[in-house]
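In terms of the numbering used here, the sequence shown has 373 at position 306, counting the first letter as 1, and numbering is strictly consecutive.
Note that CB positions come from ideal geometry on N, CA and C, so glycine has one too.
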Amino acid sequence: MASAPRHRLTQTVDPPAAVLRRRSASAVIVVLVAVVPALLGGWPFVTLLVTIGLIGIRELAHAFRRAGHSVDYRLSGALFLVTLLSIALLRTPVEILLAVSVAVMFPLVWSLTSARHQEALASAALTSLAVLYLALPLGAAGVMRGLEGASSRGWLQRIAEYLNSADTGLGLAWFLWGLSVTWLTDAFAYLFGARFGHTKLVPHLSPGKTRAGALAGLLAGSVTGCLGAAVFGVPLPFWLALLAGLVVSLTAQVGDLAESLMKRAAGLKDLGHLIPGHGGVVDRIDALLFTLPLTLALATLVVEVHWL
68 MASAPRHRLT QTVDPPAAVL RRRSASAVIV VLVAVVPALL GGWPFVTLLV TIGLIGIREL
128 AHAFRRAGHS VDYRLSGALF LVTLLSIALL RTPVEILLAV SVAVMFPLVW SLTSARHQEA
188 LASAALTSLA VLYLALPLGA AGVMRGLEGA SSRGWLQRIA EYLNSADTGL GLAWFLWGLS
248 VTWLTDAFAY LFGARFGHTK LVPHLSPGKT RAGALAGLLA GSVTGCLGAA VFGVPLPFWL
308 ALLAGLVVSL TAQVGDLAES LMKRAAGLKD LGHLIPGHGG VVDRIDALLF TLPLTLALAT
368 LVVEVHWL
């Protein structure tokens, strides 16, 4: 297999204040775009997940091509749709297992006609990675939003009732909790890292991230875990909300670094340019792709298994 082409990563450093203004303006728009369909639930939310995922698939396919591998966007997009809809709508283990199996096996079958065996294998593996990297977490978001039960906070439950989703008010509470912990971790890590950070966290992956920023993000995530549980009516005791916020915050930062690995391999600063100050769609949701499944696992233990 031919070695992947090397791309020189050039980066223009803008003043922190200018970057913060762009990120803040974009964040407001992103929150509105994400939260409104989440409040509605059902097909509006699933449509949002599908749209995010298909844009993300295109961004990943472009990045993998930059790294020297051919990934078919049409195949990846079709497999993403099958996998996401199987998880978010059917929600039964058998259908989910079949969809994941197809996402792994079909790219291999698709590659059987290629005479370039090593490249075909790499392409199949990256196709499956792109599909599962996006479909599993976004599917988890759909399942989480559909968790049945009422939020213990009257204001949120009244919103759910007004939007004809009163039976899934608890699912809305869990989703907003996970979203808040993840995004505030990112915000505080960036703000404190830019202001006080000197020692780099993982310089070979993300030169802009610092240890001070990471610690600030962990602290913000822990506090948000507690406050978010109280505000949204998530059924977690104080100590567990604190611990869960810490773990979700740590997971968010790992997810951010994992996406940085893909960008560095492709020689890209950002995977896209759709969102000013953030980059592409995957750049904006990289942390959520790791925290959404974790939040769903916690919610399932609490709500359905009655772990507490």
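Along the region 185 to 266, the alpha helix (DSSP H) occurs as fully enclosed runs of 4 or more residues at 221 to 229, 236 to 263, listed in sequence order. Beyond the five residues adjoining it in sequence on each side, residue 366 comes within less than 7 angstroms, by CB distance, of 211, 214, 241 in the same chain, given in chain order.
Excluding sequence positions up to five before and after residue 360, its CB lies within less than 8 angstroms of the CB of 203, 204, 207, all in the same chain and listed in chain order. Shortest Cα-Cα distance from residue 185 to any of 200, 135, 229 involves 135. Residue 167 and residue 150 have their alpha carbons spaced roughly 6 angstroms apart. DSSP, reduced to helix, strand and coil, places residue 179 outside both helices and strands of the structure shown, so it counts as coil. Annotation for residue 143: the continuous alpha helix (DSSP H) segment containing it runs 140 to 152. Shown here for residue 276: same chain residues with a beta carbon closer than 6 angstroms to its own, the five before and five after excluded, namely 268 in chain order. Under the DSSP assignment, residue 275 falls in the beta strand (DSSP E) whose first and last residues are 273 to 277. Measuring C-alpha to C-alpha distances from residue 104 to each of 243, 353, 112 identifies 112 as the nearest. The residues 153, in chain order, have a CB closer than 8 angstroms to that of residue 165 in the same chain once the five nearest residues on each side in sequence are set aside. Selection 179, 194, 145, 110 evaluated against residue 132 yields 194 as nearest (Cα-Cα). One thing to note: residue 258 has its Cβ no nearer than 8 angstroms to the Cβ of residue 289. Boundaries of the alpha helix (DSSP H) harbouring residue 114: 109 to 133, taken from the DSSP string. Among the bridge pairs identified by DSSP, residue 346 is matched with 342.
The beta-bridge partner set that DSSP reports for residue 269 consists of 273. Ranked by Cα distance from residue 355, the first of 278, 220, 235, 246 is 246. The Cβ atoms of residue 137 and residue 197 lie no closer than 8 angstroms to each other. For residue 360, the enclosing alpha helix (DSSP H) begins and ends at 355 to 370.
Within the same chain, 348 come within 6 angstroms of residue 122 by CB-CB distance, once the 5 residues on both sides are set aside.
A check of alpha carbon separations from residue 236 across 256, 171, 218 identifies 218 as the nearest.
Excluding five sequence positions before and after residue 234, the CB atoms of its chain that fall closer than 6 angstroms to its own CB belong to 215, given in chain order. Within its own chain, the residues whose Cβ lies closer than 7 angstroms to the Cβ of residue 140, once the five positions on either side in sequence are excluded, are 124, 125, 128, listed in chain order. For residue 266, same chain residues with a beta-carbon under 8 angstroms away, outside a window of 5 residues either side, are 277, 278, 279 in chain order.
Counting along the chain, residue 311 sits inside the alpha helix (DSSP H) bounded by residues 305 to 333. Using a 10 angstroms sphere on the CB of residue 364, the tally of other CB atoms stays under 16, which defines it as exposed. In this structure, the beta-carbon distance from residue 120 to residue 239 does not fall below 8 angstroms. Pairing residue 188 with residue 174, the inter-Cα distance amounts to about 9 angstroms. Between residue 358 and residue 312, the C-beta spacing is not below 8 angstroms. The Cβ atoms of residue 225 and residue 299 lie no closer than 8 angstroms to each other. In terms of CA proximity to residue 229, 107 leads the group 107, 97, 95, 352.
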